[in-house]
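Novice: Just dropping this structure here.
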Amino acid sequence: MFSKRIPHYTCAQMYTHLNEVIDIDRGFRKKTFRGAKIEDLILELEKLSSLCEEKSNRSDQIQSQRFYEGMAIAYTTIAVKLKGDFDYIEPKVIDELYNAIDKTSNQSNKSTTEQVLSCSFCNKDRDEVGELVLGPGVSICGQCLEFGVEVIRSNSPKG
């Protein structure tokens, strides 16, 4: 039932990317829990963040880019917290968010009208899926919207 609503390749690709991160994490944990110093841990987290940024930059697909960007931010956040700079992170985080927005804007080069012509989630044309619900710079078809509602309901506590 769900396979009709989400392109199979997207699920498979995300599974592949998640496995890559799990493999990266396994190596990280082996090094971390064998008596590594906190400084070594911070260096390893920074390497993982850089690796995820590289994978994001090399990826041709927007979903993969977003996935690796999120992982890079997570690793960086942990490293910053371990350094004791967490109380002062706000300006750094804001700068990084602006940098990410600039990178994303330059890569996509899509105007709002181009995004309106297809669903931002399944990439199907408006002609193929019918009417689209528009958001700021994005759009979603009825099938993807229904799937999202099902996911939210399935994760909500039964009441």
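If you count the sequence shown from 1, you need to add 395 to reach my numbering. C-beta: ideal position from N, C-alpha, C; glycine also. Values in this document were obtained by computation on a predicted structure and should not be read as measured data.
#1: Could you tell me the distance, in whole angstroms, from the CA atom of G479 to the CA atom of E441?
#2: Based on the DSSP secondary-structure assignment, which residues constitute the bridge partners of C536?
#3: Does the distance from the C-beta atom of Y470 to that of S451 stay below 9 Å?
#4: For my contact list, A467 and E439 are in at a C-beta cut-off of 8 Å; report their separation, rounded to the angstrom.
#5: Just reading off the alpha helix (DSSP H) that N518 is part of, what are its end residues?
#6: According to DSSP, is Q460 part of a helix, a strand, or is it coil?
#7: Could you check what DSSP says for L512 in three-state terms: helix, strand or coil?
#8: Decide if I547 is buried, meaning its Cβ has at least 16 other Cβ atoms within 10 Å, or exposed.
#9: Please list, in chain order, all residues of the same chain as T507 whose beta carbon is under 7 Å from its beta carbon, the five residues on each side excluded.
#10: Exposed or buried, I535, counting other C-beta atoms within 10 Å across all chains shown (16 or more means buried)?
Specialist: For this structure:
#1: 15 Å
#2: L527
#3: no
#4: Actually they are not in contact, since the Cβ atoms of A467 and E439 sit about 14 Å apart, beyond 8 Å.
#5: Careful: N518 lies outside any alpha helix (DSSP H) and carries neither H nor E.
#6: helix
#7: coil
#8: exposed
#9: In this prediction, T507 has a pLDDT of 46, which is less than 50 and means its spatial position is unreliable; what the coordinates show is noted afterwards. So the list reads G532, once near-sequence residues are dropped.
#10: buried
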